[in-house]
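To keep things clear, I will list the structure first and then write my remarks on it.
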Amino acid sequence: MSRPDRFSAPGASLLDDNTPEPERHLPFLTRYPIIAGAVFGVLLRLMFSGQHQFEAMAAGFIYFAPVAVGAVTVYLAERIKRRSWLYYLGAPFLATSLFVAGTLLIMIEGIICAIVIVPMFAVMGAIGGLVMGIVCRVTDWPKPAVYCLSVIPLVLGLVGDLIPTPDDRGTVERTLHIAAPPEAIWKHLNAATDIRADEVGDAWAFRIGAPMPLSGLTRETPQGHVRSTTWGRKVHFDEVVATGDWEPGRRIRWTYRFAPDSFPPGSLDDHVMIGGRYFDLLDTTYTLTPQGNGTLLHYRVSYRISTQFNPYADWVARTLLGDFGDVMLKFYKSRSEVPSKAA
26 MSRPDRFSAP GASLLDDNTP EPERHLPFLT RYPIIAGAVF GVLLRLMFSG
76 QHQFEAMAAG FIYFAPVAVG AVTVYLAERI KRRSWLYYLG APFLATSLFV
126 AGTLLIMIEG IICAIVIVPM FAVMGAIGGL VMGIVCRVTD WPKPAVYCLS
176 VIPLVLGLVG DLIPTPDDRG TVERTLHIAA PPEAIWKHLN AATDIRADEV
226 GDAWAFRIGA PMPLSGLTRE TPQGHVRSTT WGRKVHFDEV VATGDWEPGR
276 RIRWTYRFAP DSFPPGSLDD HVMIGGRYFD LLDTTYTLTP QGNGTLLHYR
326 VSYRISTQFN PYADWVARTL LGDFGDVMLK FYKSRSEVPS KAA
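In structure tokens:
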């Protein structure tokens, strides 16, 4: 049996000199990279609180702020210890989610915008985290890489006016069979009163914070038919029906007319304001076609989006407007079929 080294500390004779000491990490180090990434994201959002190229809807911010958050999160985590590939994807998701939550807490972002942007931020954040993870594993320059990824949003902000903001238009259509005659459905299309939350509240647009419709009443004016609509939070606007778009019992189409006070402050997030810079509803059409013992009600809505990230904005618009159409068709179905069910 070998003798312990005479310079060893008491008890050290039981361990080989080459035995590595167990890793010790302070508990907060597990969460530190994620929190730091989120804070970095909030700071970026504050920088993009200006106008024109340094606004929150700028492509440089929307696309690359979450990438930078993901990269910073993974870089700081890798400085503590080697992380897994799953961490490169999951930690940035948490960091970007906390980042968005932070903008809500300090009241620089609205709830609708926050919920709508989280899916895209999660994907872009994961991409940034994965890229940073690869850099840390296969190169010797993770620090320059994280610096570069961190400043991309600001660099693009400087040239943001050079990035085009196209006006794209889209259409969403839905159809539902209603066991009621066209006359009954027509009546409710033009006199929808006392709309309750349990009738339309399932629409995702309302679940995430948009005010719900309360009534829609069509009246005849010297200029033609006008459907006056009221929503919650004192939102109100007119839906103007042109002469050729008024076919009783068959078809109605209206365009939208907004007044300066149609959307009171706080009723909708600025970035999703209807008739605003980034989004607008162009027209809505309902077509009634007799079919069997009922009526086929067809809904069609056209919209405009004007952002530097139209592919994602278009997906959001189609998803929410399509879901809204499904809910409204069910609303008219429920109200129109009541007499026949009572009979």
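Count along the sequence shown from 1, then add 25; that gives the number in my numbering. Every residue gets a Cβ at the ideal spot worked out from N, C-alpha and C, and that includes glycine.
Which of helix, strand or coil does DSSP assign to residue i?
i: ASP286; result: coil
i: TRP211; result: helix
i: PRO238; result: strand
i: ARG276; result: strand
i: GLN76; result: coil
i: SER253; result: strand
i: PHE262; result: strand
i: ASP192; result: coil
i: LEU346; result: helix
i: ILE136; result: helix
i: ASP223; result: helix
i: ASP351; result: helix
Roughly how far, in whole angstroms, is the beta-carbon of residue i from the beta-carbon of residue j, given that I think they are within contact range, below 8 angstroms?
i: ILE59; j: ALA126; result: Between ALA126 and ILE59 the Cβ distance is about 12 angstroms, and since that is not below 8 angstroms, they are no contact.
i: GLN333; j: LEU183; result: The pair is not a contact, with the Cβ atoms about 14 angstroms apart (cut-off 8 angstroms).
i: THR280; j: VAL265; result: 5 angstroms
i: ILE203; j: TYR357; result: 7 angstroms
i: ILE137; j: ALA235; result: 6 angstroms
i: GLY350; j: VAL326; result: 7 angstroms
i: ASP193; j: ASN335; result: 5 angstroms
i: ARG108; j: GLY158; result: 7 angstroms
i: PRO285; j: TRP256; result: Contact flag wrong, Cβ pair sits at about 16 angstroms.
Thinking C-beta only, is residue j closer than 8 angstroms to residue i?
i: SER331; j: THR196; result: no
i: TYR328; j: ASP295; result: no
i: PHE86; j: LEU69; result: yes
i: MET149; j: TYR88; result: yes
i: THR312; j: ARG282; result: no
i: ARG258; j: ASN215; result: no
i: GLY317; j: PRO207; result: no
i: ASP348; j: ALA228; result: yes
i: LEU130; j: ALA139; result: no
i: ALA96; j: PHE118; result: no
i: THR200; j: LEU293; result: no
i: THR246; j: ARG278; result: no
i: ALA338; j: ILE188; result: no
i: GLU134; j: HIS323; result: no
For residue i, count the other beta carbons within 10 Å of its own beta carbon; 16 or more makes it buried, fewer makes it exposed. Which is it?
i: ALA63; result: buried
i: GLY249; result: exposed
i: ILE210; result: buried
i: THR268; result: exposed
i: LEU181; result: buried
i: LEU354; result: buried
i: ILE220; result: buried
i: THR254; result: buried
i: TYR172; result: exposed
i: ARG360; result: buried
i: MET132; result: exposed
Shorter than 8 angstroms from the beta carbon of residue i to some beta carbon of chain D?
i: ARG282; result: Judged by its chain identifiers, the structure shown contains no chain D, having just a single protein chain.
Sufficient close CB pairs (3 or more, under 8 angstroms) joining the region 148-163 to the region 82-98: yes
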